[in-house]
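Okay, so here's the structure we're looking at.
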Amino acid sequence: MEQWNQELAEYRVRSSAWAAKAERLQKLWNWVNATVSPAILSPVMVKLVAMDVTTLQQLVRALKEELAPTDVSTQTQVRAEYRQHLGAAKQGRVAPQDWYQKWSYLYMRAKSYELAEVDGPLAVQDFLDALSHKIAPEWARTMNQRIIQDNILGLDSLNLDQVSRVFGGLMHEHTIRSGKDTPGVFATFGNRSDEYNGASGSNLGGSKSTGYTCPCKPKGVTHRWKPTECRKLETAVRGSSSPPTELSKTQRRDILQKLKYREFKEVKKAIDQLNWTPNAPLAITASTDRYPNASTRKVEFPGNVQAALIDPKMMRMPDPPNGAVGVYNIMDFDAHPLSESTILDNGAATHLVNSADRLVPGTFRPADSTDTVEAGTQALPVSGRGARLFKNALHGKRGPYTEDLLLQDVVVVEGFHVNIISEARLQEKGV
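If you count the sequence shown from 1, you need to add 1118 to reach my numbering.
Printed below as a string of structure tokens:
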């Protein structure tokens, strides 16, 4: 009996080990069956059966001998992928961080195979040449001049590993700096700022960081934009807004009731300065006090002005297949048919902001990794698109500076800065 118990225990141990091994072999067979085409698997199995070899280990070895790439073919593939990725940098249709991350991976693979493409001065030249087109043209040219100078003076030049580490460090530093909330420099539209709304934010019950209290929100709830930029509040007071916002009768009544509260006293003053009056007249009389040279006749102005760019791709026709067909209109001393509604600007490219916070809330749409904006010799990645609203930027039916200007499809390039000096300030300096 004791011997029987001992043999039973030994059987159970061996049975458990066999079951575990069988499970591993079954998973391996499932992997082979799922990844190898039957047209290839069947002849190999027939060959093994003829040789009286039917183990799974022999099958995997036979498949490896038949299908495994040689070292030469692997090196050729790695070299082709590395060269192709360098060429992708010249197109500028990829974010610099994404491009560098993939380049580092391909560089390590090419280095493990000791390819000539990643060794020596020519490898450095290829790397800098790829960056000099779109990603980092100025830095690449400066680094190339330094390497040429070192070669002429007989000094030790930087190798590809060192140059790539410098580029990676600079890009990391740029990413950190661009992520900070630093103010940009924008055109000031004469003597006005594009942030002008008739009242300072400090008097409107909040700030951008803490949020603003608005009659459109329940007590204790805020939103990031000022009440004077709130479309719900504007719709409740004026009856409409740009872009339009739908309000029920109950919502509009509640907002107007809250606007009478003491806590919204400054908001009410700001609204009065903006002349948010319902049932505004369709025509205005130019003010001779503010505009001495203006006439006193009534002038009709359009409302709800929207600015849009016409994509040249829309003008493409099937014939000819390799080019776009231009559309022209020749008239004899007469106005263009679109002159009453459209400003034709052939030099326009795209509207751009450096932060998604400058867009109309709710209009931001993320962009894919191929969406870029070309500025000079660089291609800057676009994080998204949306609508940009300038409050009271144009003369309208209700008076001077009463109509909003809405820009559609505005791109967002985080951290983008442009140095622009207003025309009014140039005139002050006599320029």
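Where is the CB? At the ideal position from N, CA and C, for every residue including glycine. Everything numeric in this text was worked out from a predicted model, so none of it was measured.
Identity of the residue in the options nearest residue i by Cα
{"i": "L1166", "options": "T1153, E1184, W1149 and A1152", "result": "E1184"}
{"i": "R1380", "options": "D1274, C1332 and H1341", "result": "C1332"}
{"i": "T1488", "options": "V1478, R1476 and S1501", "result": "S1501"}
{"i": "V1242", "options": "D1216, I1270, L1204 and M1163", "result": "L1204"}
{"i": "G1480", "options": "S1133, R1342 and S1134", "result": "R1342"}
{"i": "S1358", "options": "D1522, A1140, V1530 and W1122", "result": "D1522"}
{"i": "W1217", "options": "Y1200, K1229 and A1228", "result": "Y1200"}
{"i": "A1388", "options": "K1367, Q1369, K1344 and S1366", "result": "K1344"}
{"i": "P1499", "options": "Q1215, Q1124 and Q1375", "result": "Q1215"}
{"i": "D1237", "options": "L1273, L1271, V1281 and A1505", "result": "V1281"}
{"i": "L1512", "options": "L1273, R1483 and L1392", "result": "L1392"}
{"i": "R1516", "options": "E1291, D1390 and A1485", "result": "D1390"}
{"i": "P1484", "options": "V1528, F1508, L1524 and P1518", "result": "V1528"}
{"i": "C1334", "options": "V1154, Q1369 and L1159", "result": "Q1369"}
{"i": "A1207", "options": "L1271, A1254, D1274 and V1385", "result": "A1254"}
{"i": "D1279", "options": "Q1267, K1229 and A1127", "result": "K1229"}
{"i": "F1482", "options": "Q1526, A1127 and T1153", "result": "Q1526"}
{"i": "V1212", "options": "P1156, T1188, D1486 and L1288", "result": "D1486"}
{"i": "S1160", "options": "L1177, Y1330 and V1196", "result": "L1177"}
{"i": "E1197", "options": "E1120, Y1231 and K1182", "result": "Note on residue identity: the sequence assigns Arg, not Glu, to residue 1197. Closest option to R1197, Cα to Cα, is Y1231."}
Anticipated Cβ contact below 8 Å, residue i with residue j, distance rounded
{"i": "V1233", "j": "Q1193", "result": "Looking at the sequence itself, residue 1233 is Leu, so the reference to Val does not match. With a Cβ gap of about 6 Å, L1233 and Q1193 count as contacting."}
{"i": "T1468", "j": "V1491", "result": "6 Å"}
{"i": "A1497", "j": "K1252", "result": "4 Å"}
{"i": "L1174", "j": "W1147", "result": "6 Å"}
{"i": "D1244", "j": "E1256", "result": "About 18 Å separates the two Cβ atoms, so there is no contact after all."}
{"i": "A1474", "j": "V1530", "result": "5 Å"}
{"i": "V1355", "j": "W1394", "result": "5 Å"}
{"i": "G1478", "j": "R1506", "result": "Here residue 1478 turns out to be Val, not Gly, going by the sequence shown. Yes, they are in contact, since the Cβ atoms of V1478 and R1506 sit about 7 Å apart, within 8 Å."}
{"i": "A1180", "j": "V1162", "result": "5 Å"}
{"i": "A1258", "j": "L1246", "result": "4 Å"}
{"i": "L1276", "j": "I1265", "result": "7 Å"}
Residue(s) in a DSSP beta bridge with residue i
{"i": "H1341", "result": "Y1330"}
{"i": "T1490", "result": "P1499"}
{"i": "E1521", "result": "L1512"}
{"i": "L1470", "result": "V1529"}
{"i": "P1484", "result": "G1502"}
{"i": "L1507", "result": "L1524"}
Enclosing alpha helix (DSSP H) for residue i [first to last residue]
{"i": "A1388", "result": "K1383 to L1392"}
{"i": "V1154", "result": "Note, V1154: premise wrong, no alpha helix (DSSP H); not H, not E."}
{"i": "T1077", "result": "Residue 1077 cannot be examined here, being either before or after the span of the chain that is shown, 1119 to 1549."}
{"i": "I1266", "result": "P1255 to L1271"}
{"i": "E1199", "result": "D1189 to Q1209"}
{"i": "S1250", "result": "Premise fails: S1250 is in no alpha helix (DSSP H) and is neither H nor E."}
{"i": "D1372", "result": "K1367 to K1376"}
{"i": "A1068", "result": "The displayed coordinates of the chain run from 1119 to 1549. Any statement about residue 1068 would go beyond what the structure contains."}
Buried or exposed by the 16-neighbour rule on C-beta atoms within 10 Å, applied to residue i
{"i": "K1350", "result": "buried"}
{"i": "Y1129", "result": "exposed"}
{"i": "A1248", "result": "buried"}
{"i": "P1362", "result": "exposed"}
{"i": "G1514", "result": "buried"}
{"i": "Q1151", "result": "The sequence shown places Asn at residue 1151, not Gln. Looking at its Cβ environment, which holds fewer than 16 other Cβ atoms inside 10 Å, N1151 is exposed."}
{"i": "E1352", "result": "buried"}
{"i": "E1347", "result": "buried"}
{"i": "E1261", "result": "Looking at the sequence provided, one finds Met at residue 1261 rather than Glu. Result: buried."}
{"i": "V1190", "result": "exposed"}
{"i": "K1383", "result": "exposed"}
{"i": "Y1446", "result": "At Y1446, the pLDDT of 49 sits below 50, so the modelled position is not reliable; the number obtained from the coordinates is stated separately. The residue in question, Y1446, is exposed, as its Cβ has fewer than 16 Cβ neighbours within 10 Å."}
{"i": "N1510", "result": "buried"}
{"i": "S1250", "result": "buried"}
{"i": "S1133", "result": "exposed"}
{"i": "L1240", "result": "exposed"}
{"i": "L1377", "result": "buried"}
{"i": "I1373", "result": "buried"}
{"i": "N1472", "result": "buried"}
{"i": "D1450", "result": "At D1450 the pLDDT is 44, less than 50, meaning the model places this residue with poor confidence; the figure from the coordinates comes in the next sentence. D1450 should be labelled exposed."}
{"i": "V1284", "result": "exposed"}
{"i": "L1273", "result": "exposed"}
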